[in-house]
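For reference, the structure discussed in these notes is given below.
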Amino acid sequence: MIPGVNRLSIEYLEDRPEVVPTVASWVWQEWGFASVEACAGHLVESHRGGLPSRFVGLKAGDPVGIVNLIECNLPPRCHLTPWLAGLFVHADHRGRGVGTALTRFREAEAAALGVRMLYLYTERAEGFYQRLGWTTLESLEWEGEPVAVMSRELRANAQDS
Ligand SMILES: CC(C)(COP(=O)(O)OP(=O)(O)OC[C@H]1O[C@@H](n2cnc3c(N)ncnc32)[C@H](O)[C@@H]1OP(=O)(O)O)[C@@H](O)C(=O)NCCC(=O)NCCS
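Each residue of the sequence shown is one higher than the one before, counting from 1 in our numbering.
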């Protein structure tokens, strides 16, 4: 269980294959990839301690959110790596610390793997990440939308920060 968030546990997605169809339907609805099946195909690619790797947040066994670590999420900035990507909390569970817990867990796991600088880009959640200590590196247009590219310096004990 994750301290501070009621009944939340966080697991590697490959350990919970039964939740992949549900998570794939969220990802498809939120980010509009080609199909739910295509999303599920991406999600099953998950390597413990490697790239890509995916964590799912669960409450009472049901998925409530997801967060990924991938090599690159923004083709014009692939000299930067790795990236926190695809953070999503189901609408029924927002505003209760799940997004924060998933981000912190992801940061801590990356730090434990030796990552010292983590990157992300976001269209709508710059303020959310700023509150968690992320810094905006630049603003640019990507696929017709303004996005913020952000970074976070990690320490070995990132879970505590
Ligand atoms: C952004 C998101 C992950 C936050 O998850 P969450 O579980 O609600 O987050 P938490 O409960 O840990 O934190 C909520 C706090 O962040 C703030 N917040 C949430 N979304 C925000 C946003 N887009 N911009 C700024 N602040 C935001 C809330 O107002 C709340 O503040 P409060 O504690 O003062 O009330 C969730 O809203 C989501 O999945 N959104 C759709 C996908 C998305 O935008 N993902 C971001 C990556 S690109």
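C-beta: ideal position from N, C-alpha, C; glycine also.
The structure presented is a predicted model; accordingly, all values stated were derived computationally and were not measured.
Item	Value
Anything with a beta carbon under 6 Å from a heavy atom of ligand 1 counts; list them all in chain order.	GLU30, LEU87, PHE88, VAL89, ARG94, GLY95, ARG96, GLY97, VAL98, GLY99, THR100, THR122, ARG124, ALA125, GLY127 and PHE128
Excluding the 5 residues preceding and the 5 following CYS39 in the sequence, name in chain order all residues of the same chain whose CB lies nearer than 7 Å to its CB.	ALA24, VAL27, TRP28 and PHE33
So, under 8 Å CB-CB, MET117 and LEU154 are touching, yes? Tell me the CB distance rounded to an integer number of Å.	7 Å
Is it buried or exposed for PRO82, if we count other Cβ within 10 angstroms and need 16 for buried?	buried
Can you list, in chain order, the residues of its chain with a C-beta nearer than 7 Å to that of CYS72? Leave out the 5 residues immediately preceding and following it.	CYS78, THR81 and TRP83
Give the straight-line distance between the Cα atoms of ILE66 and GLU126, rounded to the nearest whole angstrom.	18 Å
Which residue or residues does DSSP assign as beta-bridge partners of TYR12?	PHE55
Between HIS47, GLY41 and PRO75, which has its C-alpha nearest TYR121's C-alpha?	PRO75
In its own chain, which residues sit with a C-beta less than 7 Å from the C-beta of VAL36, not counting the 5 before and 5 after it?	ALA24, SER25 and TRP28
Buried or exposed, going by whether 16 or more other CB atoms sit within 10 Å of the CB of GLY50?	exposed
So, for ALA112: in the same chain, excluding its five sequence neighbours on each side, which residues have a beta-carbon less than 7 Å away from its beta-carbon?	none
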